[in-house]
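As structure tokens, the structure follows; a few thoughts come after it.
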Amino acid sequence: MALSKKSRCKSPDIHNLVSSLYLNPRYSDLTIICQEDQFPAHRNIVCLRSTYFARMCDGAFAEAASGIVQLDEYDPLLIRKMLECLYTGDYTYSIRDLGYDRSPSPEEATPTPTSDTEIVPVVPNDNASKASNYSARFHASMYAYADYFGIDVLRTRAKRYFGIVFMKDYSADAVNRESFAAVLEEVYGTTPAHDRGLRGSVVDTIMKDISNLRGGSSPVLDDAMLRRFPEFAMDVCSASLDSLVNLKEKAQWPNWA
């Protein structure tokens, strides 16, 4: 016998239900430990969206039996935001939350990656840099975490947010040189060469305003900057050559659609 409309239960909002479990110890069967922080998690949520956690919990790893995942080498804030994205499909941030309005301690020097796949956490190294610098670097690190932990939704969100911040703050006439260099260091130091997500956003934005960045008496994109970031220099060179080829083809075949 079919239920009447009044007696039917409304379907629950699955998204809100899943989101409500973010950092909620209720029904938690997994604990993620990052330095001094412990984050309750749920295997049936994090494993479905992260290939990293799926391997940890499905394979013959100690984590599968203990229900404890140690991530002490990573940034607790970024791990927290990564989990937020796993549960809600997005992540939030603010400059105050990131703590970038304080002076960094001597220990907080930005580490140098030992390989093109190593994650380098966001660590402020210039107290005078703009907040936009930290925002761009934050999203770049979130993108790197998405790649390492195998989280597609986080990769998509971080790429979008990075593009918005970078296009807004680094395509103007006046660009802070060290702030610009810090973002390049984050992007090219935390992403592998084959991943064009953030690198493509950087190059596309620069090509739209290259006359301002390269021209003038004190250009941001001077030879010293290009030598400092050789992979970036190669990307800009390739994009410039492609642009010249396209202009030549358009001039030669002006009636082509």
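Everything in the sequence shown is counted per the working numbering, starting at 13 for the first residue and increasing by one.
Glycine included, every Cβ here is placed at the ideal spot set by N, Cα and C.
Reduced DSSP secondary structure (H/G/I, E/B, other) of residue i
| i | result |
| --- | --- |
| P52 | strand |
| R42 | A quick correction: the sequence has Leu, not Arg, at residue 42. Here L42 sits in strand by DSSP. |
| I80 | strand |
| V177 | helix |
| H27 | helix |
| G201 | helix |
| I89 | In the sequence under discussion, the amino acid at residue 89 is Leu, which differs from the Ile named in the question. In the structure shown, L89 sits in a helix (DSSP, three-state: H, G or I). |
| L259 | helix |
| P231 | coil |
| Q47 | coil |
| I57 | helix |
| W265 | coil |
| F241 | coil |
Residue i versus residue j: straight-line alpha-carbon distance, rounded
| i | j | result |
| --- | --- | --- |
| G228 | Y173 | 30 angstroms |
| C46 | L253 | 45 angstroms |
| I131 | A158 | Its pLDDT being 39, under 50, I131 is placed unreliably in this model, and the value from its coordinates should be taken loosely. Roughly 10 angstroms separates the two Cα atoms. |
| R226 | L233 | 5 angstroms |
| K260 | I222 | 19 angstroms |
| W265 | L256 | 14 angstroms |
| D102 | Q82 | 23 angstroms |
| V58 | C249 | 41 angstroms |
| D128 | F161 | No answer about D128 holds up, because its pLDDT of 41 lies below 50 and its placement is not dependable. |
| R67 | I163 | 13 angstroms |
| M154 | A263 | 42 angstroms |
Status (buried if at least 16 other CB within 10 Å, exposed otherwise) for residue i
| i | result |
| --- | --- |
| L35 | exposed |
| H54 | buried |
| T277 | What the structure shows of the chain is the stretch from 13 to 269, and residue 277 is not part of that stretch, so it cannot be assessed. |
| K171 | buried |
| A148 | buried |
| G175 | buried |
Top-ranked residue by Cα proximity to residue i, from the options
| i | options | result |
| --- | --- | --- |
| L89 | F150, L33 and R167 | F150 |
| M237 | V195, T100, L256 and G209 | V195 |
| K180 | A66, S31, K220 and S250 | K220 |
| D49 | R67, D87 and N56 | D87 |
| A245 | M68, W265, R38 and E197 | E197 |
| R92 | D70, F51 and S106 | F51 |
| T203 | Y64, A66, Y99 and A156 | A156 |
| L166 | R211, M94, E190 and R208 | M94 |
Neighbour flag for residue i against chain C, beta carbons, 7 angstroms
| i | result |
| --- | --- |
| D49 | No chain C appears in this structure, which consists of one protein chain only. |
Where the alpha helix (DSSP H) containing residue i begins and where it ends
| i | result |
| --- | --- |
| L210 | G209 to K220 |
| D102 | Note, D102: premise wrong, no alpha helix (DSSP H); not H, not E. |
| Y64 | T63 to D70 |
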